Amino acid sequence: MTSLVQSVDWLTIAPPTLTAVVALVVLVADLFVPPERKRILGWTAVGGLTAALALLLPLRAGDRSTFCLTATARAEAHADACSYTADHFTLVIQLLVLAGALVTALLSLDETRERLPAGEYWFLLLSSAAGAALLPASRDLATLVVALEVASLPAFALVGLKRGDRMSGEAALKFFLSSVTATAVTLLGVSFVYAATGTLHLTEIAQRLDDVPGQLQTLAEAGVALTLVGFAFKTAAVPFHFWVPDTYVGAPLPVAAYLSVVGKAVGFTGLILVTVVAFPSYADVWGPALAVLAALTMTAGNVAALRQVSTRAWSAVRLLAWSSVAQAGYLLVPIAAAAYSGDDQVGATVAYALMYAVVNLGAFAVVALVARTHPENRISDYRGLYAASPAAALTLGFFLLNLAGLPPGIIGLFAKVTVFSAAVDAGLGWLAVIMGVNVVIALYYYLRWTALLFRTPEGAPVPHKAPAPVTLAIALTAAAGVVLSGYPQFALRFASTALF
């Protein structure tokens, strides 16, 4: 008799599993650790994330999968369908997610000691990171949605964890309402797709959408459209971006950094999986739609960032928030291009995401450092930063130039050229023109902030004393940015091997 029990390859699922286990360990340990020793919980989280990253090494061949259909089910499906696949695409995104969570943890060590409840914070951060690491390996819609929610639900609480802070509560509510709406729309779309195809596995959906009965054609089209709209919310694409600025301002700074990188990676990974893997037969629908969303998103983000007043409270965080919206527009371009010229274009999105993760986390790390002496974090507070903290000013200038795509930030320039080439190769000349205009707009506000770092300070410079974990976070991101700028081909070569 054929067994109906699916086999489990524990090594394949080890990175997200270990992260989840450490989250539970931290939560239970919080009950027994005295208040003066709560810092050990943070270092446990850092150790757990480091170990999860190390567990990616045995999987580097990218040829493992688990939770596959049993023999009987495979015969019925005429395919080898698995719910969890550790291919190169999965490993690259898991590296980005877990490394981003590790840098966030380093930035959070002093925050949890001074302002935030340690046990709850570390449990929520690790739980969200576990869901984010699970998502790129998901190869059926049920696992994909579960991973998306495991990554998102703890993030709501992280945003609102500053107890008694009105802005934090308001930010958490906006984030919660927008994300719940996105989830509802996504689930409705997934149910329609399942009703039309009779399967949840992405590769099976791709096959069956080519041969949907006529009476179910409208249902399938509605399912595809609603699923894409749900993921557009998660990626903060215009017009589904309204929650971003207030959420970033109200959240603790390390959480804002986490959302800007890991949260964005989650949304774009899900979008890639449903478009390129599950819905290739509808490329003529989602391709033009994503191209328009890309144009709207990069334009709205850059124009809003350009309008930030440097003397307004929290203007530095708001600028980075709107900048992240604009960057989402650039990330959408290669996915849209994949509809016209093949899956290889997705490698440009992965390469750009790697660059963006490194430099944006680094920028937030320096912002967190400056916030220790200037809690309202105005852009004007950065005037003369070089006189007070030369290393911090130089690293922030380097990160901003990378985001702008200017030397010495070679990796930023390289990533933008790669995305631009993807649009041109796909025949999306109009989108390449819009991107070019937006890059010029972004140059102004990035360079304006960079120039401010080296101007004469208005008063006596106040040195910024960086705690060791924050210094380590800045050093790690700066080192990664320098290495990638010295050898930019590595990012694209690394990302190109990530394709399914």
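Heads up: the sequence shown runs through residues -10 to 489, numbered per this note's numbering. The C-beta atom is built at its ideal place from N, Cα and C for all residues, glycine as well. Since this is a predicted model, take the numbers as computed values, not measurements.
Annotation for Trp419: no residue places its beta carbon closer than 6 Å to its own, counting only its chain and skipping 5 residues before and after.
The segment 49 to 114 contains, as complete beta strand (DSSP E) runs of 3+ residues, the segments 53 to 57, 71 to 75 (chain order). Within the DSSP bridge table, the entry for Ser127 names Tyr73 as partners. Counted as a single uninterrupted DSSP element, the alpha helix (DSSP H) harbouring Gly425 occupies residues 418 to 442.
Contact check for Met424 and Tyr345: beta-carbon distance about 15 Å, past the 8 Å limit, so the pair fails to qualify. Under the 10 Å beta carbon count, Asp99 is surrounded by 16 or more other beta carbons and is classified as buried.
Exposure of Leu13 is indicated by the presence of fewer than 16 other C-beta atoms within 10 angstroms of its C-beta.
In its chain, beyond the 5 residues on either side, Ala140, Pro143, Ala144 have a beta carbon closer than 6 Å to the beta carbon of Ser117. Beta-bridge partners assigned by DSSP to His190: Asp129.
For the pair Gly386 and Leu442, the CB atoms are nearer than the 8 Å cut-off. For Arg28, the enclosing alpha helix (DSSP H) stretches over residues 28 to 43. If one requires a minimum length of 3 residues, no beta strand (DSSP E) run lies completely within the segment 267 to 322. DSSP places Asn349 in the uninterrupted alpha helix (DSSP H) bounded by 335 to 359. DSSP places Ser474 inside the alpha helix (DSSP H), whose first and last residues are 457 to 475. Taking all protein chains shown into account, Arg444 has fewer than 16 neighbouring C-beta atoms within 10 Å of its C-beta and is therefore exposed. The DSSP-derived three-state label of Ile2 is coil. Excluding the 5 residues flanking it on each side, Val406 has no same chain C-beta neighbour closer than 6 Å. Per DSSP, Gly219 is one residue of the alpha helix (DSSP H) stretching across 206 to 223. For Val148, the closest of Pro228, Val134, Tyr247 by C-alpha to C-alpha distance is Tyr247. Under the three-state reduction of DSSP output, Arg367 falls in the coil class, being neither helix nor strand. Taken through DSSP and simplified to helix, strand or coil, Glu159 comes out as helix. Minimum Cα-Cα distance from Leu473 among the listed residues Leu343, Ser369, Leu383 corresponds to Leu343. Sequence-distant Cβ neighbours of Thr300 in its own chain, meaning closer than 7 Å and more than five residues away, are Arg367, Ser369.
Counted as a single uninterrupted DSSP element, the alpha helix (DSSP H) harbouring Asp235 occupies residues 233 to 239. For Cys71 and Val251, the gap between their C-alpha atoms comes out near 25 Å. Taking 8 Å as the upper bound for CB-CB distance, Gly256 and Thr224 are in contact here, some 4 Å apart. With 16 or more other Cβ atoms inside 10 Å of its own Cβ, Gly398 counts as buried.
Residue state for Gly203 is assigned as helix, using DSSP reduced to three classes.
The alpha-carbon of Pro396 is positioned some 51 Å away from that of Val201.
The shortest CA-to-CA distance from Phe165 to any of Glu365, Phe222, Gly276, Glu109 is the one to Phe222.
For Ala411, the enclosing alpha helix (DSSP H) covers residues 399 to 414.
If you ignore the 5 residues before and after Ser97, its C-beta comes within less than 6 Å of the C-beta of Pro243, all in its own chain and listed in chain order. Val428 and Pro456 have their C-alpha atoms spaced approximately 35 Å apart. Ser249 counts as buried, since no fewer than 16 other beta carbons sit within 10 angstroms of its beta carbon.
Under the criterion of beta carbons closer than 8 Å, Leu85 and Ala254 qualify as touching, at roughly 5 Å.
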